[in-house]
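Everything below concerns the one structure shown next.
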Amino acid sequence: MEPVGKAMSLKDTKWILPQAPYTAGPGGFSWFDGDEEMGWKYQESFHILTDLIQSLNNQGFPNSDIFIISFSQGACLAMEFMIRQSFSLGGIIPIAGFIRYKKRVKQDATDASRNTPVLLLHGEKDKIILLEQSRISLKIFKDAGYKADLHIFSSGHKIPLQAITSIKNFINNKHF
Amino acid sequence: MNNNLVLIFLSCFLLSCDAGTGDSECTECGGGLLDGYLYKEVTVEDVAGLAEIDVSGVTVGKCIRFKMDGTEFSEATVVDDCCCIEYQ
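Chains A and B, in that order, are what the protein sequence lines are.
In case it helps, the numbering used here puts the first sequence at residues 6 to 181.
In case it helps, the numbering used here puts the second sequence at residues 704 to 791.
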């Protein structure tokens, strides 16, 4: 990810790439474990993020300077995690994700988490997670009182180059 | 270096594309991120920048695997297929 960080030209920025805790196929890892029938487990993933943010706080980083950029399944986790925290972050940028438990957002979202800005990014040609999912997420976040926006790109299920500008503007200026 | 921002990147595992992926889908695969490398099809606008870093075999429409430093190419290699691997 170092060259990706360089491409974003964000100075004095520490990048962290935690590994998902659950195994998923040969050599693969997943942020969620289970299935629709048995239910999804993600507590280990929450623990990893909670411990990581606590560690960063101990190193002197305030939550307002911590951002979560996330893709696909990682984006699903970032949204589920953020709304349930007793604090807000600098922002989250879920790319090509979806909210798994849509009906729970309003009841589970904490007041403190509503100060976390949300920038959703999605490719309109995404056939794996459809753009409609981010449109739904945007409405859910706005209805729940979050400051949120959606930027759409002409790409498939990936992080398009054009997204770098949106990400940089969001992080540097903390606006949409 | 004193860091004053932290970016946590949550990705997920990688999958290889189907070997039968055709060229027709290649334009959709360009411009993604993988392992810190970017993939795209070369456009007219890219040619001058790639010439500056002496990439051989570059023509418009070829697929390159590359890194950028700001808005400039810092490294690039012509590869056979933009669709070989992508984030899943």
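Beta carbons are placed, not taken as given, at the ideal position from N, Cα and C, and that holds for glycine.
Quick caveat, the model's predicted, so the values are computed rather than measured.
**Message:** For A117/A, count the other beta carbons within 10 Å of its own beta carbon; 16 or more makes it buried, fewer makes it exposed. Which is it?
**Reply:** Here residue 117/A corresponds to residue number 112 of the first sequence, with the count starting at 1. Under this definition A117/A is an exposed residue.
**Prompt:** Comparing the C-beta of S714/B with each C-beta of chain A, is any distance below 7 Å?
**Reply:** One-based indexing of the second sequence puts residue 714/B at position 11. Answer yes: the Cβ-Cβ gap between S714/B and chain A drops below 7 Å somewhere.
**Asked** Whole-angstrom Cβ separation of M36/A and G79/A, contact assumed at under 8 Å?
**Response** Here residue 36/A is taken as the residue at index 31 of the first sequence, counted from 1. Here residue 79/A is taken as the residue at index 74 of the first sequence, counted from 1. Residue identity check: residue 36/A is Trp in the sequence provided, not Met. The Cβ separation is near 6 Å, so the contact holds.
**Item:** Sequence-distant residues of the same chain with beta carbon closer than 8 Å to T115/A, five excluded per side
**Value:** Here the question's residue 115/A lines up with position 110 in the first sequence. Answer for T115/A: I88, R89, Q90, S91, listed in chain order.
**Item:** Where S77/A sits in the DSSP three-state scheme
**Value:** As a working note, residue 77/A is residue 72 in the first sequence. Coil at S77/A, not helix or strand.
**Asked** So, S98/A versus I133/A, is the Cβ gap smaller than 7 Å?
**Response** Here residue 98/A is taken as the residue at index 93 of the first sequence, counted from 1. Here residue 133/A is taken as the residue at index 128 of the first sequence, counted from 1. At residue 98/A the sequence reads Ile, which differs from the Ser that was named. Cβ distance not < 7 Å, so I98/A and I133/A don't count as in contact.
**Item:** T115/A in three-state terms, based on DSSP
**Value:** Translated into positions along the first sequence, residue 115/A becomes position 110. Reduced to three states, the DSSP call for T115/A is coil.
**Prompt:** If we call anything under 7 Å between Cβ atoms a contact, is F66/A one with G96/A?
**Reply:** Stepping through the first sequence from its first residue, residue 66/A is reached at position 61. Stepping through the first sequence from its first residue, residue 96/A is reached at position 91. Not in contact: F66/A and G96/A (Cβ atoms no closer than 7 Å).
**Prompt:** Are the Cβ atoms of S50/A and L82/A separated by less than 7 Å?
**Reply:** On the first sequence, residue 50/A is found 45 positions in, with the first residue counted as 1. On the first sequence, residue 82/A is found 77 positions in, with the first residue counted as 1. Their beta carbons are under 7 Å apart, which means S50/A touches L82/A by this criterion.
**Request:** Identify each residue in the region 54-85 of chain A for which the Cβ-Cβ distance to at least one residue of chain B is less than 7 Å, and report them in chain order.
**Result:** L57, L61, F66, D70, I71, F72, I73, I74, S75, F76, S77, Q78, G79, L82, A83
**Message:** Check this for me: beta carbons of S142/A and I104/A, under 7 Å apart or not?
**Reply:** Position 137 of the first sequence holds residue 142/A. Position 99 of the first sequence holds residue 104/A. Taking 7 Å as the Cβ cut-off, S142/A and I104/A qualify as a contacting pair.
**Proximal residues, the region 745-774 of chain B versus chain A, C-beta separation under 7 Å** = K770, M771, D772, G773
**Prompt:** Where does the unbroken alpha helix (DSSP H) through T55/A begin, and where does it stop?
**Reply:** For the purposes of this step, residue 55/A is identified with residue 50 of the first sequence, where counting begins at 1. Looking at the DSSP string, the run of the alpha helix (DSSP H) that includes T55/A is 48-63.
**Message:** Run through chain B and tell me which residues come within less than 8 Å of L15/A, C-beta to C-beta.
**Reply:** Here the question's residue 15/A lines up with position 10 in the first sequence. L708, L710, listed in chain order.
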